[in-house]
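Residue numbers (my numbering): 527 to 731.
Positions of the beta carbon are idealized from the N, C-alpha and C atoms, including for glycine.
Being a predicted model, the structure only gives us computed values, none of them experimental.
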C-alpha cells in the first residue's frame, strides 16, 4: 500500500512542479509529508490494537493447552507438572506432558517428549516450520533439543527467567535464530500456581 501511495505522490508532484510556483510547491510537499506520517501512525495503531491482541489470543490458546497437559501429567502420575504443545500453521501437531516417571527416563521432559512425538508424526527431524509452547521456562536440556530440532520459536510462561535471559546473551542463541518469547506476568503466576498445586503429588520429575 505504501509503494502505490509513494508512486502516486511522485507522479502528482512531478506534474505539479511545472504548474506552480515555489511557495505552492512547498505547501504540496508539506501535505504529502503529513499524509505519509499519518499513514505510518495508522499502521502503528493497527498493529497495537488489532495485530498484537490477535497474536496474544493465539498464544494464550496454545499456552492454556500446555497448562492442561501439565495438570494431566500429574494426575496420570506420568511425571512433573509440565506441558508442551508443538504447533504448525496454527494447528496443534502434538500436545504432551512430562513423562519422566512413566518412562523411567530423566530426559523425558515435556518439551523433549513433544519434539520426539512431533518428529515421528511429521516423519522429519527438523521442525523449522513449527513453534513450541511450554507451561514453564524450558530447562537447558530442553532448550538444546529445541535448538537441534530447528524450531523457529519457543513461547513459555515459566518463572525461571534466568535461563532464557542467559541464552539470549550467548552465541548459541544467535546461531539458533530462535525466537524466545515469554508471556506476560500473569502467565508466570499461572505456571507457578500449577507447580505449587501439584508438587505434593510427585516426588521426582
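In terms of CA proximity to residue 629, 602 leads the group 707, 616 and 602.
Residue pairing for residue 659: DSSP places it in a beta bridge opposite 611 and 681.
Look at residue 617 here: in three-state DSSP terms it is strand.
The secondary-structure analysis by DSSP pairs residue 707 across a beta bridge with 681. A distance below 7 Å between beta-carbons, with the five flanking residues on each side excluded, links residue 643 to the following residues of its chain, in chain order: 620 and 622. Residue 643: member of the alpha helix (DSSP H) spanning 636 to 648, first to last residue. With 16 or more neighbouring CB atoms inside 10 Å of its own CB, residue 675 falls in the buried class. In the structure shown, residue 668 falls within a helical segment according to DSSP collapsed to helix, strand and coil.
With fewer than 16 other CB atoms across the displayed protein chains lying within 10 angstroms of its CB, residue 649 is exposed. Of all alpha-carbon atoms in 612, 663, 635 and 627, the one lying nearest the alpha-carbon of residue 655 is that of 612. It is roughly 15 Å from the alpha-carbon of residue 661 to the alpha-carbon of residue 625. Closest option to residue 596, judged by alpha-carbon separation, among 639, 583, 615 and 680: 639. With respect to residue 706, residue 671 sits apart: the two C-beta atoms are not nearer than 7 Å. If the five residues before and after residue 634 are omitted, its C-beta is found closer than 6 Å to the C-beta atoms of 625 and 626, all from its own chain and listed in chain order. Closest in alpha carbon position to residue 616, among 663, 667, 659 and 673, is 659. Secondary-structure assignment with DSSP links residue 622 through a beta bridge to 610.
No Cβ-Cβ contact shorter than 7 Å links residue 663 with residue 679.
Sixteen is the threshold: when 16 or more other Cβ atoms of the shown chains lie within 10 Å of the Cβ of residue 604, as they do, the residue is buried. Residue nearest to residue 677 within the set 666, 665, 667 and 652 is 652 (criterion: CA-CA distance). The beta carbon of residue 598 lies closer than 6 Å to those of 623 in the same chain, with the five residues before and after it left out.
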